[in-house]
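See structure below.
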Amino acid sequence: MLACYINAIPVDNNVEGEPEVECGPTSITVNFNTRNPFEGHVYVKGLYDQQGCRNDEGGRQVAGIELPFDSCNTARTRSLNPKGVFVSNTVVISFHPQFVTKVDRAYRIQCFYMEADKTVSTQIEVSDLTTAFQTQIVPMPVCKYEILDGGPSGQPIQFAVIGQQVYHKWTCDSETTDTFCAVVHSCTVDDGNGDTVQILDDEGCALDRFLLNNLEYPTDLMAGQEAHVYKYADRSQLFYQCQISITIKDPGSECARPTCAEPQGFGATKLAGPTSTGTAAAGGTPAQTGTATGGRRNATARGVQNLEIEQLRLLRKRSVHSPDEQVMDVRTELSTLDVMQARNFVFL
1 MLACYINAIP
11 VDNNVEGEPE
21 VECGPTSITV
31 NFNTRNPFEG
41 HVYVKGLYDQ
51 QGCRNDEGGR
61 QVAGIELPFD
71 SCNTARTRSL
81 NPKGVFVSNT
91 VVISFHPQFV
101 TKVDRAYRIQ
111 CFYMEADKTV
121 STQIEVSDLT
131 TAFQTQIVPM
141 PVCKYEILDG
151 GPSGQPIQFA
161 VIGQQVYHKW
171 TCDSETTDTF
181 CAVVHSCTVD
191 DGNGDTVQIL
201 DDEGCALDRF
211 LLNNLEYPTD
221 LMAGQEAHVY
231 KYADRSQLFY
241 QCQISITIKD
251 PGSECARPTC
261 AEPQGFGATK
271 LAGPTSTGTA
281 AAGGTPAQTG
291 TATGGRRNAT
301 ARGVQNLEIE
311 QLRLLRKRSV
321 HSPDEQVMDV
331 RTELSTLDVM
341 QARNFVFL
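As numbered in full-length UniProt numbering, residues 1 to 348 make up the sequence shown, in order.
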């Protein structure tokens, strides 16, 4: 038997340091510093062939691209706490003129545009009080969403194989004990290109048992459930977003939990309209965290408007039931790998 060993030579270039992201009023600009002069492409993932979503400029030790809010699948997501808009996209920097190689990288770029607070005041005269009051301010819990390997005690993961067992975990950290209750609801998953599917409804009930079952609540400020990894067709990334409602716990009582029926299969709801257009709210302040035709743009805008109206309707519905409820957004993401099985067929 003859064994041959071949050492492949990688492209002699790579990204130096972290990307430089500029969150502008109508677009996001990202630049990469490279070790050697750049001769490849910078493009939006999945839109390599779309004009305006790829930059082939080379010859310098810097490469970049500008991502307009109204094109190139730039996604916009509203946030209630803090109040504002997340604008995000996935950018690939490729160092080979024709192919994706081992030195190439994909980056999830995200900017947050905080809604400006407006203060109004008036003057009022108040007589002296004879009773003194002492007030203590209790800070709200800080919440996060993680996907763990295997079970509740596993390590957080960012990469997984289809079918791998994972544990979706939501936790809130509070400076006080036995003070707050947390309920997870309104969970969606998307591929980063506007294909968004709802997997938990606005009451916190699961919609598709093949994706995620009804959540368990081991403590007042923790929720979780085991699941198996899945993915979109031809898409490797999954972006999860949920809302967590925080309420004050009544002394001596248990936290109220969603009353949910057993979910059926294939019940997840695909949200109408892409979320890849729009401009940050007027008066917003950008802060870094990490060309369609007129008819097509109008149709996209209508889809986003309908989606936002539906989300606001759900939030308004919850606020009617719980006027003291505070809602915050939590996010996580996962990159998936396909399971390949080889088969040999012999024809006689």
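Just so it is clear, CB atoms sit at the ideal spot from N, CA and C, and this is done for glycine as well.
Item	Value
Delimiting residues of the beta strand (DSSP E) encompassing S88	K83 to S94
Contact check, P152 vs A206, beta carbons under 8 Å	no
Minimum C-alpha distance to D56 - residue among A233, N31, D234 and R331	N31
Strand pairing of N55, partner residues [DSSP]	V42
Contact set for Q61: own chain, Cβ-Cβ below 6 Å, skip 5 residues either direction	T34 and P37
Length of the line joining the Cα atoms of residue 358 and P258	As shown, the chain starts at 1 and ends at 348. That puts residue 358 outside it, with no answer to give.
G150, buried or exposed, once every other Cβ within 10 Å from all chains shown has been counted against 16	exposed
Within 8 Å, strictly: CB atoms of I244 and C181	no
7 Å CB neighbourhood of E146 in its chain, flanking five on each side removed	P156, K169 and T332
For I162: DSSP bridge partner residues	Note: I162 sits in no beta bridge, so no partner.
Of the residues I248, T26 and M140, the one placed nearest F112, counting alpha carbons only	T26
Strand pairing of L240, partner residues [DSSP]	Per the sequence shown, residue 240 should be read as Tyr rather than Leu. Its beta-bridge partners are V189 and T332.
Between the CA atoms of T74 and V44 - distance to the nearest angstrom	9 Å
Close Cβ partners of D12 (< 7 Å) along its chain, the five nearest in sequence each way excluded	N36
Backbone CA spacing between D208 and L200 [nearest angstrom]	8 Å
A223 versus T336, N214 and D234, residue with shortest Cα-Cα distance	N214
Coil, strand or helix - M114 by DSSP	strand
Cα-Cα separation, L238 to G58	31 Å
Integer-rounded CB distance, given that R105 should sit under 8 Å from V15	6 Å
G109 in three-state terms, based on DSSP	Rather than Gly, the amino acid found at residue 109 in this sequence is Ile. Strand at I109.
Assigned exposure category for A256 - 16 Cβ within 10 Å defines buried	exposed
Per-residue burial, G294 [other beta carbons within 10 Å of its own, 16 or more giving buried]	Caution applies to G294, whose pLDDT of 40 falls short of 50 and renders its modelled position unreliable; the model cannot decide the point.
Burial state of Y48 (16 or more Cβ within 10 Å)	exposed
Cβ pair A160, T336 closer than 8 Å	yes
Neighbourhood of E66 by C-beta, 7 Å cutoff - its chain only, sequence neighbours within 5 removed	S27 and T29
Cβ pair K249, T179 closer than 8 Å	yes
Residue environment, A63, which counts as buried when at least 16 other CB atoms sit within 10 Å	buried
Beta-carbon separation (whole angstroms), S103 vs P19, contact threshold 8 Å	Before going further, note that residue 103 is Val rather than Ser in the sequence given. Wrong, their Cβ atoms sit about 15 Å apart, outside the cutoff.
Closest by C-alpha distance to Q98, when choosing among L334, C242, G40 and C23	G40
Nearest residue (CA-CA) to C72, options C53, S253 and V183	C53
Under the three-state DSSP convention, the category Y167 falls into	strand
When E325, S253 and Q241 are compared against R78, the one with the closest alpha-carbon	Q241
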